[in-house]
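Only one structure is covered here, and it is reproduced in the block below.
In my numbering, the protein residues as written are 3 to 289.
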């Protein structure tokens with residue numbers, strides 16, 4: 003309300019200032035119901051030179067609520083990134099993050115622990131060189147839970163496949179794997195890295211990997227930095243899709259995560275991908 007009143011006084015002052023050469027100031031102030039002191043104080047207010055830029059920032063944030071200042075800046079060529087950051091702070095448009103307890107499926111050594119072939123080298127020069135996977139948990143207001151199991155390609159951060167389940171079981175991981183291996187050339191020798199969760203130690207898991215020429219890699223016990231790329235994705239996903247929103251049921255969470263993953267792969271730009279989305283970047287790399 004206060005902002006609206008200030009805007010109204012500013013507009014009235016502009017009109018009176020234009021008309022005062024033709025009409026008595028006293029009459030104009032009376033007609034506009036504006037105090038003389040207010041009129042002259044408004045004349046001292048400098049025009050907002052960033053008005054157009056602020057409007058552009060608001061428009062970008064309205065279309066992409068998850069964008070931080072770096073990606074907003076990427077949409078505004080020729081504007082200093084520090085200025086974008088400052089104006090977003092002034093407008094209260096910063097992305098707020100929130101830490102949560104990490105979900106883990108580790109149950110000790112129940113099968114084979116694979117070597118760490120990835121060794122924290124999260125770079126890739128082509129698709130299907132290095133994949134990472136893990137499972138994360140979401141909790142609805144009614145106490146029900148949803149589990150997401152995705153595979154992320156380190157070449158372009160694309161989610162290659164995923165499964166949403168109400169239980170972190172073997173069927174979930176198996177379905178995710180079978181989606182990912184469709185059309186996979188056995189000779190490509192892609193590395194698939196995970197933590198030491200019980201699903202990844204299973205004979206059935208290792209068999210599917212071997213059948214499709216996938217090299218299994220595992221983090222060291224209790225070392226989340228060995229799978230930092232996957233942890234980073236989960237943090238981004240929850241900040242942009244989950245935190246700050248209220249989900250009354252697990253069905254609502256499933257719908258929201260599915261929508262986000264589609265948006266993430268097809269439309270969410272990433273600076274490291276030259277301002278393109280994961281799928282746009284992959285397609286461009288083969289032109």
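From the three backbone atoms N, C-alpha and C, an ideal C-beta is built for every residue, glycine too.
- Taken in chain order, the complete alpha helix (DSSP H) segments of 4 residues or longer contained in the segment 198-246 are 200-203, 205-213 and 230-239.
- Beta-carbon to beta-carbon, residue 134 and residue 156 are separated by about 6 Å, close enough to satisfy the 8 Å threshold.
- Excluding its 5 nearest sequence neighbours in each direction, residue 146 has C-beta neighbours in its own chain below 8 Å: 168, 251 and 252, listed in chain order.
- In summary, residue 15 is buried, with 16 or more beta-carbon neighbours lying within 10 Å of its beta-carbon over all protein chains present.
- The shortest CA-to-CA distance from residue 131 to any of 193, 87 and 187 is the one to 193.
- Counting the other Cβ atoms within 10 Å of the Cβ of residue 12 gives fewer than 16, which makes it exposed.
- DSSP links residue 141 through a beta bridge to 147.
- Shown here for residue 122: same chain residues with a beta carbon closer than 8 Å to its own, the five before and five after excluded, namely 227, 228 and 230 in chain order.
- In this chain, the alpha helix (DSSP H) harbouring residue 63 covers 53-65.
- Judged by DSSP in its simplified three-state form, residue 251 adopts coil rather than helix or strand.
- For residue 74, the enclosing alpha helix (DSSP H) begins and ends at 71-76.
- Around the CB of residue 284, 16 or more other CB atoms lie within 10 Å, so the residue is classed as buried.
- As computed with DSSP, residue 114 is found in no beta bridge at all.
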